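The structure under discussion appears below in the form of structure tokens.
Protein chains in written order, with the working numbering: chain A, 1 to 663; chain B, 1 to 663.
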């Protein structure tokens, strides 16, 4: 059993691989964190390959949505069995298993692993935790998290579902008072799960105490029938996520015991007294942060890395058109326009992957402090995670479509793999905090920090550049030194933050209310947040590269850093020209430098995507196969289309009636 | 029977509509060309509504791909019947019927209406035309156009399918000599059609005479079985286009009579003499041009206009978050960031629609000249149509996804309508000439014209600005006059064209071969082509507005023009700052001007999308309904999801085995 087919490698790909200047395995180990992690990941990949047919990812593409859902539930059962049989408890191990069983898809019980037990742990009393958590961990109950309503998204203070306490029976009465209060979208809620963590307005003695969380059983554990007073179902097909039954849920005087309100921080006594111990929204920060940090890594960075892998390999297999008249068709990666489409995305995929991993480790380190009440790091962590989630998921989504478009006609075939990758990545622009809302949260923090620095506070952490003395003229020259590139990105971030702050102040001085001034400046504020995040990513990427011991790996990563930064500057040239930070001559150096960066990265392109170490099963792509056997795979796969089951399709009857030859 | 439901209109939408400053009907008539065209279009819409259930567009979303195909063939038969019963021959009428029967989808016999008869007409001898064309027009035979091969796309000179003449039997022997020579992608080829126009290499007496076209029957007209020596089928699911059986086709010594080579311009005599009358590629320009011009209008401009309609209406129904703390949730179009996402796209949808229609009329006028041998206009027409196709389809595709993202979570539901619109528009970036290839064709023309102007030729037509004396400093001031905006776009186009030409010359002088210099400059060349096309669009848009007689309509269109141009400048500020064409102060005027443009267009936003006059059936969207009943529709539609057929889905059996409660 192999993770790749290594026979009959396309000769163009072999040639590309032979041009590499570094050891692929060392780079893979660096991306994984260590050689041990790489080894363990591959072991688990092979465990899954033993259980499944490697071709099934591409054959799943022929299924109807209902068949896909059915197949996903079957695989979810395989997943539970494997977790139990292999006694997996390590998060990383479970994640590897998931990715191999559900490449570029989501499991209908994903939230039963994550949000459902996390919320119990976070908000339950010790008694509640000991009652519910083990059952959730053993999959005896399958839960999801019900927050969003049909008419209400990120602004959770306006949710409408009610939980009214009845002290006579010591129960909460759950109701969906309006159409817009219908819970809508939670993953796995329509058909798969039998419990939810419900976010609802708590009403005690006629007083609305705001949003609280409740454990609610939705279906009978034996028969799986919905319980009385509960209406629920699947919300219908979406863009992507065919394997998940995102659901709707309505309550009609459904009663749950008092003990099923999660009462670690807030309590309703038997006689209906409400006791508040802490504001819930602050407490939810922790779990939101973890989720957002996770999104940066997967699906965002991972999705982009997969799309780039497919597009770069295909661009070395596909030959098209002519460069020099009369000569054979060159591989399409020889075209400068193709390099311009793909190589900056390759560099970005590295920058985002490495930043995501660094940030995740950093979060885990700080989270221990936060759990112990040391919450100073929280505001910065919150601002950076919101912004990084937004920037990386947006860029990755756009980048995946660019990769698809760079593959010409075959990019549109579902066998290209892009559809699943895009369908899994794009929604990350919206879930767990819509990206514009996220950027404005980052911007609010930046405004606060900028004002502090104006008042003389010396900033540390990710906004320290707002306190630094950065030269007013760029030092960019033909060497394109990392420091000069980083300085330029610092300059940009600081100048947009400054401009946004000044505009808010000017509007205020013109008599606008604070919220009006903010709204009128909001586009610039999102741009400030983006510039801050791009700087964060570049800084992190560079500092991680400087830690790499292998010189060949370090060199190729530095080439990617240079390309990444030069491309960022070249595509937002106005920010660097405005105010005279760069001269027109320096911008010409940047433009020409981009071409030099392409020339440096180009020979390593295939090896750099190989180092991501995706199996063919992960990619699910005829175009991105490791062995480059693109056309054979496309043709074989086409034969299996359900429309080809019979030589004449039954629909011929319609045309026969009206269009048959009169000869 | 109504084209819209006009009862129970959402009060926010009613209020928005009451704010309009112009007569919607007059704008609709302007977009259509005249009140008569509007009237005829609506009559045909109602004819279709009599035949079909208006809800079926959204219910089709629940079907499997095979069911969608089956349903599309059924509707294609309805289409043929209606064309016959209503005696439709006018292209515009047929187009209206198609759009209403197949909103945001493609008919499996679309090429039987277009490319198949067009090619016979264009390349057939009078005898061939009189034999085949009436049968094609009467749908007695259903044809498609088979050019692209598995391994070969836009570079048609390398196609591999062979047609070898056998003078003994007076037949051509068709063969697919390699895997990569398999015909791949033609619409309707897999299961629906029974004929193809085949592009193949003609071989006579061992000499390859290059690409020629042949009429080939693929299936028996009575039984619909594939003929001997022919292997064909559907290529499997794609991104979008579920209703079409894009196909593969292989030949194994399949023979066709000599008379089935289209011989208007080239002939093979009975004894195998080849007589060339004209080069085929030049002759095909005409039909390529028509197709590209058509793409600008539909799907590109139309797709963007539909997406904007949905997003703008939904943004006035959806209330979210808070602007002023304590006040009710505002409609999301009140947020500046939402205006920034949608209003420039609204302006672009108008600019593209109007440009597309103008260009199409212009093409029809010039085509009469071209048919009569007056081909002077051809190079410019070719360059502009290639570039416009690329710019408008790319911008529209990106814009559609921005509209979706601007609708938050519900944008991902297939009931939003965006998925179909995107799936129909995006492929236009690739088919009929991949967009980067298109832009480079435009650039080649621009380089030629620029060189002529450098040698003293005074250019006319769309490149006349290369000969004009444009001021070296922008005259932009707070009035943001149309002329100053247009001048800025002229400046940009000319300066990028100049820079590209200079770079090519510099590389040549450094000893690079012509093809190398071109390739190394190709990114800049595509940017030159884009700048040229944006200027073309802005110029056309403005000149059309100046012809509008109704002052209120003219004013609102002028507001859109201003927004469109200001947004173009603001998002490519570097091009205007570089070289000092605009000062930093002028760029600040542009930035602030953008906000003023939003304020002007905002009150008319809903009425401007209403004026596109899409029926709810055209949009197929719960979010974009004319009456704004978004949540009722989303909830009702969800009930119909096939996963909800039974209260417990059959897949429960898998989870029951592993996850059932141990209690």
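We treat Cβ as the ideally placed atom computed from N, Cα and C, and that holds for glycine.
These numbers were taken from a predicted model, which means no experiment stands behind them.
{"Query": "Beta-carbon gap between residue 192 (chain B) and residue 108 (chain B) smaller than 8 Å", "Result": "yes"}
{"Query": "Beta-carbon proximity of residue 415 (chain A) to residue 58 (chain A), cut-off 8 Å", "Result": "yes"}
{"Query": "Closer than 8 Å to chain A by CB, residue 642 (chain B)", "Result": "yes"}
{"Query": "Cβ pair residue 589 (chain B), residue 478 (chain B) closer than 8 Å", "Result": "yes"}
{"Query": "Which of helix, strand or coil DSSP assigns to residue 60 (chain B)", "Result": "helix"}
{"Query": "Per DSSP, the bridge partner or partners of residue 664 (chain A)", "Result": "No answer is possible for residue 664 (chain A): the residues shown for chain A start at 1 and end at 663."}
{"Query": "Beta-carbon neighbours of residue 337 (chain A), restricted to chain B and to distances below 8 Å", "Result": "436, 440, 522, 523 and 526"}
{"Query": "Beta carbon proximity, residue 584 (chain B) to chain A, threshold 8 Å", "Result": "yes"}
{"Query": "8 Å Cβ cutoff, residue 478 (chain A) in contact with chain B", "Result": "no"}
{"Query": "Rounded straight-line distance, which links the Cα of residue 160 (chain A) to that of residue 625 (chain B)", "Result": "24 Å"}
{"Query": "Residue 81 (chain B): contacting residues in chain A (beta-carbon distance under 9 Å)", "Result": "657 and 658"}
{"Query": "Residue 102 (chain A), DSSP secondary structure in three states", "Result": "coil"}
{"Query": "Contact list for the region 227–239 of chain B against chain A, Cβ threshold 7 Å", "Result": "233, 234, 235, 236, 237, 238 and 239"}
{"Query": "Chain-order list of residues whose beta-carbon lies under 8 Å from that of residue 507 (chain B) (same chain, five-residue window excluded)", "Result": "516, 517, 520 and 521"}
{"Query": "Proximity winner among B:81, B:189, B:154 and B:75, relative to residue 644 (chain A) (alpha-carbon distances)", "Result": "B:189"}
{"Query": "Alpha-carbon to alpha-carbon, residue 495 (chain B) and residue 451 (chain A)", "Result": "41 Å"}
{"Query": "Limits of the alpha helix (DSSP H) - the one that residue 70 (chain A) falls within", "Result": "65–85"}
{"Query": "Where residue 266 (chain B) falls, given that 16 or more other Cβ within 10 Å makes a residue buried", "Result": "buried"}
{"Query": "Residue 191 (chain B): contacting residues in chain A (beta-carbon distance under 7 Å)", "Result": "643 and 649"}
{"Query": "8 Å contact criterion, which residue 526 (chain A) and residue 440 (chain A) should meet: CB distance rounded", "Result": "6 Å"}
{"Query": "Per-residue DSSP class, three states only, for residue 88 (chain A)", "Result": "coil"}
{"Query": "Where residue 569 (chain A) sits in the DSSP three-state scheme", "Result": "helix"}
{"Query": "Touching by the beta-carbon criterion (3+ pairs, under 8 Å), the region 553–563 of chain A and the region 441–460 of chain A", "Result": "no"}
{"Query": "Neighbour-count burial assignment, residue 48 (chain B), 16 or more Cβ in a 10 Å radius", "Result": "buried"}
{"Query": "Chain B residues whose Cβ lies nearer than 8 Å to that of residue 587 (chain A)", "Result": "574 and 578"}
{"Query": "Chain B within 8 Å of residue 185 (chain A), Cβ atoms only", "Result": "yes"}
{"Query": "Three CB pairs or more closer than 8 Å across the region 91–106 of chain B and the region 609–629 of chain B", "Result": "yes"}
{"Query": "Between the CA atoms of residue 646 (chain B) and residue 19 (chain A) - distance to the nearest angstrom", "Result": "58 Å"}
{"Query": "For residue 390 (chain A), the nearest candidate out of A:377, A:85 and A:533 (CA to CA)", "Result": "A:533"}
{"Query": "Alpha carbon of residue 509 (chain B) to alpha carbon of residue 498 (chain B), nearest angstrom", "Result": "16 Å"}
{"Query": "Range of the contiguous beta strand (DSSP E) that encloses residue 257 (chain B)", "Result": "254–257"}
{"Query": "Buried or exposed (CB count within 10 angstroms, at least 16 for buried), residue 481 (chain B)", "Result": "exposed"}
{"Query": "4 or more residues per run - each alpha helix (DSSP H) lying fully within the region 361–438 of chain A", "Result": "378–405 and 418–425"}
{"Query": "Chain-ordered chain A contacts of residue 70 (chain B) [CB-CB under 8 Å]", "Result": "649, 650 and 651"}
{"Query": "Contact list for residue 629 (chain A) against chain B, beta-carbon separation under 7 Å", "Result": "The premise fails here: residue 629 (chain A) is roughly 10 Å from chain B at the closest Cβ pair, so nothing lies under 7 Å."}
{"Query": "Residue 652 (chain A) versus residue 115 (chain B): straight-line alpha-carbon distance, rounded", "Result": "22 Å"}
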